[in-house]
Every structure is written in structure tokens, then in C-alpha cells.
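Q: Note that full-length UniProt numbering gives residue 34 to position 34 of the sequence shown, counting from 1, and the numbers run on in steps of one.
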Amino acid sequence: MGPAELMQAAAMARRFYLEGKSKIQIADEFGVSRFKVARVLETALERDLVRIEIRVPAELDADRSDALRSRYGLRHVVVVESPSEAADDGADPENLGEVAAGLLGELVTEGDVLGLAWGRSTTHMAAALRQLPPCTVVQLTGVYDAGTADRGSVEAVRRAAEVAGGEAHPVYAPMLLPDPATAAALRSQTGIARAFEYFDKVTVAAVSIGSWEPGISTVHDMLSDSEREHYSSLGVAAEMSAHLFDKSGRRIGRDLGERCITVEAERLRRVPEVIAIAGGQRKAEAIGAVLRSGLVTSIVTDTAAADYLLTEAEPGPKPALERADPDGS
């Protein structure tokens, strides 16, 4: 390109990229065809006269996010840089909750019903919420320990409803009960029954994922040794909202649900947007299992888990957005 061509290309590029003018407007100004404008802009990119840089905050990984979204057929994926100083003890990095709070602020619209399941990551997310459109907030599971309700999912529901300026429907009950009869009796109590009535109205849900290990799965820690051995023998690889999954994403140990205060898997599958919040290398296999279940549409995770999911895990035969039945074969 000679000096005149360079100056013309620079001027056209300035009009197009900085001033937002269309190719037709530029063509009229310079007295050329819009095809000529298109060729000049293409040449400007090829000759490095124009550089296009896509920049996202340093803690977010755009390439891994897009690759993971495509590989698993998800709607939204946000991959956060794993803290270099964090020990992989199985707990979700707290920054996942902060990023999930921002995603929730994007996805929730006025009049939605937001469902929150128990989990450390959802608790961190609720604490990080700064704004939400007016919506109703309902608790999707009982609490890990009824004695810690003020620090767990009950408080998360209260916090989200306060930010949104909407109604809160908490569940004052433990997640796991000794037997199905006790669980059924609790579900019939007025406050809990009222929360359950909202389950079919939930439009956006946030859930956590646990791998089948001590300290990483709330259900694992609540069961007796013999019960753990029983479910382990069935091939459990992941737990989400008291539902157990094998590596292929098929739900197993369904009898456990009869003893739990939690949203049913089929109801969760009908929720239009289900956001999982989980990360860390120790949870990576469990995250993959849940993504194959058909219950999750979006995820906030970290680079440690994403690297495993992109290289070592198989995505499964169906995209997550097909919402396959996790009780099927």
C-alpha cells in the first residue's frame, strides 16, 4: 500500500471501527463502492494497520469458557482463573461465588422466581450480590445442619430477597432425615409446603456440586458408614442437591431422595436456567458427571476444573441443553 492508500485505509478504518459508521456511509463519503470499503478494511487488518483486541478481566478465561460451552453444549460458561495460592482441598474458590453473583444479575429478570440450593458456593454468591431485579426467592433444599441455618441457605435466600426487594421462601428443615416418613411429615408442614409450591415456578436456579468424598459432599458427610458404602457400590461419582449421579450422569440411589428435603430432579430439569457453581481439580470429575445429567444449563467454574473437563473427560452423547432425563438408562 502506498502513502495515499494507507491514509485512505486509516481514514476508513477510523470511520468504521471508532466512529461506528456503516460501510455504505463510508462508501458515500469517499465516492467508492461498499465492496471497495470492505476490501480496504480487510486489507487494513491483514497489513496490521488495524488491530482488534478482545479484552476481558484478567481473572476470567474467555478461551476456556467458550471451549467448555461448545464441548458440553451449555448456554453460559464462565471460567475463572484458579487462585495460585489456593490449596486444592475440595472447597470451591470464593471468587466463583462473586462471579456467579454477577452472572445472576445478568440472567434474572423482573418477576422471575429464583431458586437457591444449599452449598458453600451459593452462600458466597448470595453474600456477593449487589443488585437483582425484583423477584421471588425460594430455597430448593433443606440445610446441611439446621443449627447453622443463619450461616447457610436460609441466610442466602434472605440476602437475595433483600437485594431483589422480593419475597423470601426459606425452608427451615434439615436436608436429610432419618426415614421417608419423617421427611414426608416435614414436607407437609405449612412453611415448607408453601416453598415447595414455588418449585414449579422457578425460572432461574443456582446449585452446587459435590464429589463423593468427605468434606466435599454434604450428603456423604451426613450418612452412616454403611450407607456410604452402599451408595459407593452403586458407582456414585457426584452429588447435587441431595441427588446422586454416576460418571455417565445417570441418577442413582433414588431411594435417598425419599428421605431428603430437596427439589425433585424432574422439577429441576424443567427449570429454564440452572447455574452450577463448582470448581477445583478434586471436583472436576463430579462436575463432568453433573453436566452429563441434563439438569444443568450453565456453569461458573475455574481453570483447574475446566482443564480436566476439556482434556480428560468425555462430554457425553447429548448436549446439556437437551435436558436429558437423568433417570433414564
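Note that beta-carbon positions come from the ideal geometry of N, C-alpha and C, so glycine has one too. Model, not experiment: these values are computed from the prediction.
State the CB to CB distance for the pair residue 141 and residue 241, rounded to an integer number of angstroms; the pair is presumed to be in contact (CB under 8 Å).
A: Indeed they touch by this definition, with Cβ atoms about 5 Å apart.
Q: What residue range does the alpha helix (DSSP H) around residue 131 cover?
A: Careful: residue 131 lies outside any alpha helix (DSSP H) and carries neither H nor E.
Q: Taking the alpha carbon of residue 319 as the reference point, which residue from 112, 289, 300 has its own alpha carbon closest?
A: 289
Q: Cα separation between residue 307 and residue 71?
A: 12 Å
Q: Would you report the Cα separation of residue 77 and residue 7, rounded to the nearest angstrom?
A: A straight-line Cα-Cα distance of about 42 Å links residue 77 and residue 7.
Q: Considering Cα atoms alone, identify which of 218, 193, 201, 156 is closest to residue 176.
A: 218
Q: So, under 8 Å CB-CB, residue 195 and residue 274 are touching, yes? Tell me the CB distance rounded to an integer number of Å.
A: Wrong, their Cβ atoms sit about 18 Å apart, outside the cutoff.
Q: If you compare alpha carbons, which of 311, 235, 291, 300 is closest to residue 322?
A: Comparing Cα-Cα distances from residue 322 to each of 311, 235, 291, 300, the minimum goes to 291.
Q: Three-state secondary structure (DSSP) at residue 287?
A: Correct three-state label for residue 287: helix.
Q: Taking buried to mean at least 16 other C-beta atoms within 10 Å of its own C-beta, is residue 283 buried or exposed?
A: It counts as buried.
Q: With a CB to CB cut of under 8 Å and the five nearest residues on each side skipped, what residues in its chain are close to residue 326?
A: 243, 245, 249, 250, 251, 265, 269, 293, 294, 295
Q: What first and last residue would you give for the alpha helix (DSSP H) that runs through residue 157?
A: Where residue 157 is concerned, the enclosing alpha helix (DSSP H) stretches over 153 to 164.
Q: Contact check, residue 286 vs residue 211 under 8 Å by CB: the rounded distance?
A: Between residue 211 and residue 286 the Cβ distance is about 4 Å, and since that is below 8 Å, they are a contact.
Q: Determine the DSSP secondary structure at residue 276, reduced to helix, strand or coil.
A: Residue 276 sits in a strand when the DSSP states are folded into three classes.
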